[in-house]
Amino acid sequence: MLAGRNIGTLVGIFTMTATWVGGAYINGTAEALYNGGILGCQAPVGYALSLVMGGIFFAHPMREQGYVTMLDPFQIKYGQRVGGLMFIPALLGEVFWSAAILSALDVVQLFCIFIGLWVCIPAALLQKKTSDLSANPTGWIGQIGGLKEKLLWIDCMLLLIFGGIPWQVYFQRVLSSRTSKGAQRLSFVAGIGCILMAIPPAIIGAIARNTDWSLTEYSPWGNGTKTISIPADQTSQVVPLVFQYLTPKWVAFIGLGAVSAAVMSSADSSVLSAASMPRFKASEREVIYVMRISIIAVGILATIMALTINSIYGLWYLCADLVYVILFPQLLCVVYFHKSNTYGCLAGYIVGLILRLSGGEALLHFKAIIHYPFYDPSTSIQYFPFRTMSMLASLFTTIFISKFTTNAFLNGKLPPEWDILGCVVNLPTDSLRLPDTSSFNASTMSVNSSELTLQRLSNGNTQNGHLKGQQQHLAVASVCMFLF
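Heads up: the sequence shown runs through residues 687 to 1170, numbered per my numbering.
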């Protein structure tokens, strides 16, 4: 699952870049640029910055601790039941999003995508049906709008940046790196790679935006009726439409082959990544059965979502939504705030979930219970940055409840028998059984044994390799300052 924690630099750069670059990346970027121009195409920039932020704040401590999955710190500190709760938003993110598989196939995949798309671009640009891109720059640059649109834009950008960090598919690559420094370097270079890989589909989206589709053979409704632009419910097909109607057949064959390779690679990785997160205390045969069922279940859910939602770009946002609101503040606390405990974690989880669900989701036709400022009832869009508000509420609730319960139990304000979760004074000896091949702190030493027992640590007890308290609070403060 972690390539023996010995992934090479070249393969590591490609596979880290392929964390986000796949079928959804190509089609979603082209769709977003066609609909809203460059300023409306946030996802490539946001997810690229998420790799950089992940490298700055999380790659080093996670790799130094030698975790096997992203959920390990939650299970070690809060117990396996709370770790299971964290699995839910992570699983939903994997259902909505497809990422590339952790293997040398990523190298071939990215080359196919990059070369295949660039082969198609000159052929599409030379079409007489397409106007000169430089003649109408404001058309494909786009605009954000007024105050409420700017608030929504900022909320979505923060969602993409920080919601792109707590992903198993990302930490799978971080934890497979030889050293923590290497994991950071891979994250930074991959961020640049994501921007470069967004250029071809962005140009394709600009070409489609500057094309008079009534001059082509494109008939959106199949009855011979033609339109100047692509209908709103078919903009997710911008890339295949450009290939089919604006390029020769042999060029379209190359381009569609590149997109198909990316889509197929993304599909298998999404289910494999989701199935690799749980830790099973079971026999090998039982684990295989559970993983097979998980793969089928994730595949069915992803297929249903793909058939019922028309916007690829909308799914791109949705996959990071709950991850940003619920999982990111918990990951920040479990890595940097040592005094966090199970009470704070559960309280923050519930607060974030309630605030997010109360805001509704127009893409899923889920009506809002709370109408925040600037709510538009005609489109059911919440322009107020309630996602970021929900994330901050979850973060501060986790910190406050953790400090409150710790001080209350230790100072005798609450009797020890009230510590029903056993995370402050009634500390049980929960153990987490790891596979025989588990290797911790691989950069300095390897621990291989038939059974490795990790004690839950709380109330100030620290784990090996963690940063000092002042550095932890500084990191939390830095993230909060970035948000504001």
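In this text, a Cβ means the ideal position worked out from N, Cα and C, and glycines have one as well.
Practice item. Pull up the distance between the alpha-carbon of residue 853 and that of residue 737, whole angstroms please. Key: When the Cα atoms are used, residue 853 and residue 737 turn out to be separated by approximately 11 Å.
Check your understanding: From residue 1044 to residue 898, what distance separates their C-alpha atoms?
Key -> Rounded to the nearest angstrom, the two C-alpha atoms are 42 Å apart.
Check your understanding: Taking the DSSP output, what are the residues bridged to residue 1068?
Key -> Partner residues in the beta bridge of residue 1068, as assigned by DSSP, are 1061.
**Study point:** Inter-residue spacing [alpha-carbon to alpha-carbon] between residue 1112 and residue 1103
**Key:** Their backbone Cα atoms lie some 8 Å apart in a straight line.
**Study point:** With 16 other Cβ atoms within 10 Å as the buried cut-off, status of residue 744
**Key:** For residue 744, the number of other beta carbons within 10 angstroms of its own is at least 16, and it is reported as buried.
Check your understanding: What three-state label does DSSP hand residue 917 in the structure shown?
Key -> Coil.
Review point. Cβ atoms of residue 799 and residue 894: under 8 Å apart, would you say?
Key: No; because the gap between Cβ atoms is not below 8 Å, this pair is not in contact.
Point to revise | Segment limits, alpha helix (DSSP H) that includes residue 883 | key: Start and end: 866-895.
Point to revise | Backbone CA spacing between residue 1028 and residue 924 [nearest angstrom] | key: Distance between residue 1028 and residue 924, taken at the CA atoms: about 47 Å.
Check your understanding: Based on Cα-Cα distance, which residue from 900, 1087, 1039 and 986 lies nearest to residue 1019?
Key -> When each option's Cα is compared against that of residue 1019, the closest is 1087.
Check your understanding: Would you call the CB atoms of residue 1092 and residue 1110 closer than 8 Å?
Key -> Cβ distance < 8 Å, so residue 1092 and residue 1110 count as in contact.
Practice item. Please say whether residue 719 and residue 891 have beta carbons closer to each other than 8 Å? Key: The answer is yes: Cβ separation under 8 Å.
Exercise for review: Measure the alpha-carbon distance for residue 1014 versus residue 759 and round it to whole angstroms.
Suggested key: Straight-line Cα distance between these residues: approximately 13 Å.
Practice item. Let me know the alpha helix (DSSP H) ranges lying completely inside the region 991-1030, each 4 residues or longer, listed in chain order. Key: For the region 991-1030, the continuous alpha helix (DSSP H) assignments of 4+ residues that do not extend past its boundaries occur at 998-1008 and 1014-1022, in sequence order.
Exercise for review: Spell out the partners DSSP gives residue 979 in its beta bridges.
Suggested key: Answer by DSSP bridge pairing: none, since residue 979 is not bridged.
Practice item. Hey, could you find the ends of the alpha helix (DSSP H) residue 739 is sitting in? Key: Per DSSP, the continuous alpha helix (DSSP H) segment holding residue 739 begins and ends at 729-743.
Exercise for review: Within the same chain, show all residues whose beta-carbon is closer than 6 Å to that of residue 723, passing over the 5 residues directly before and after it, in chain order.
Suggested key: Excluding positions up to five away in sequence, the list reads 826, 827 and 828.
Practice item. Could you please give me the residues that DSSP links to residue 1052 through a beta bridge? Key: Beta-bridge partners assigned by DSSP to residue 1052: 1047.
Point to revise | Length of the line joining the Cα atoms of residue 1096 and residue 1021 | key: Computed Cα separation, rounded: 23 Å.
Check your understanding: Run through DSSP, which three-state label would residue 703 get?
Key -> Helix.
Practice item. Under 8 Å by Cβ, that's how I've got residue 931 and residue 904 pegged, so tell me the actual separation to the nearest angstrom. Key: Contact between residue 931 and residue 904 is confirmed by a C-beta separation of about 5 Å, below the 8 Å threshold.
**Study point:** Pick from 913, 834, 739 and 866 that is closest to residue 848, judged by C-alpha positions
**Key:** Nearest option by C-alpha distance: 739.
Check your understanding: Using the beta-carbon count (16 or more within 10 Å), is residue 934 buried or exposed?
Key -> Exposed, by the Cβ-count rule.
Point to revise | Cut-off 7 Å between Cβ atoms - residues of its own chain near residue 1010, not counting five sequence neighbours on either side | key: Taken in chain order, the residues that qualify are 845, 848, 849, 1073 and 1077.
**Study point:** Neighbourhood of residue 817 by C-beta, 6 Å cutoff - its chain only, sequence neighbours within 5 removed
**Key:** Cβ neighbours of residue 817 within its own chain (closer than 6 Å, five residues either side excluded): 896.
Review point. From this set, 1047, 775 and 882, which residue's C-alpha is nearest residue 1012's C-alpha?
Key: From the listed residues 1047, 775 and 882, the smallest Cα separation to residue 1012 is found for 775.
**Study point:** Boundaries of the alpha helix (DSSP H) in which residue 856 is found, first to last residue
**Key:** Start and end: 854-861.
Review point. Taking DSSP as the reference, what is the three-state secondary structure of residue 933?
Key: Residue 933 falls in the coil class under three-state DSSP.
**Study point:** Unbroken alpha helix (DSSP H) run spanning residue 840, endpoints
**Key:** Per DSSP, residue 840 belongs to the alpha helix (DSSP H) from 833-849.
Exercise for review: Might you give, ordered along the chain, the residues of its own chain that have their beta carbon closer than 6 Å to the beta carbon of residue 1144, omitting 5 neighbours on each side?
Suggested key: Here the model assigns residue 1144 a pLDDT of 38, short of 50, so the residue's position is not dependable and the matter cannot be decided.
Point to revise | Cβ contact (3+ pairs, closer than 8 Å) linking the region 1053-1068 and the region 991-1002 | key: At 8 Å Cβ cutoff, the stretches do not touch.
Check your understanding: Going by C-alpha distance, which of 914, 706 and 1006 is nearest residue 881?
Key -> Checking every option, the nearest Cα to that of residue 881 belongs to 706.
Review point. According to the Cβ coordinates, are residue 1025 and residue 1099 closer than 8 Å?
Key: Against a cut-off of 8 Å, the Cβ pair of residue 1099 and residue 1025 comes out as no contact.
Exercise for review: Would you identify the three-state DSSP class for residue 1106, choosing helix, strand or coil?
Suggested key: Coil.
**Study point:** DSSP bridge partner residues for residue 816 (one or two, in chain order)
**Key:** Here residue 816 is bridged, per DSSP, to 897.
Review point. Beta carbon of residue 1038, beta carbon of residue 1080: below 8 Å?
Key: Yes. Within cutoff.
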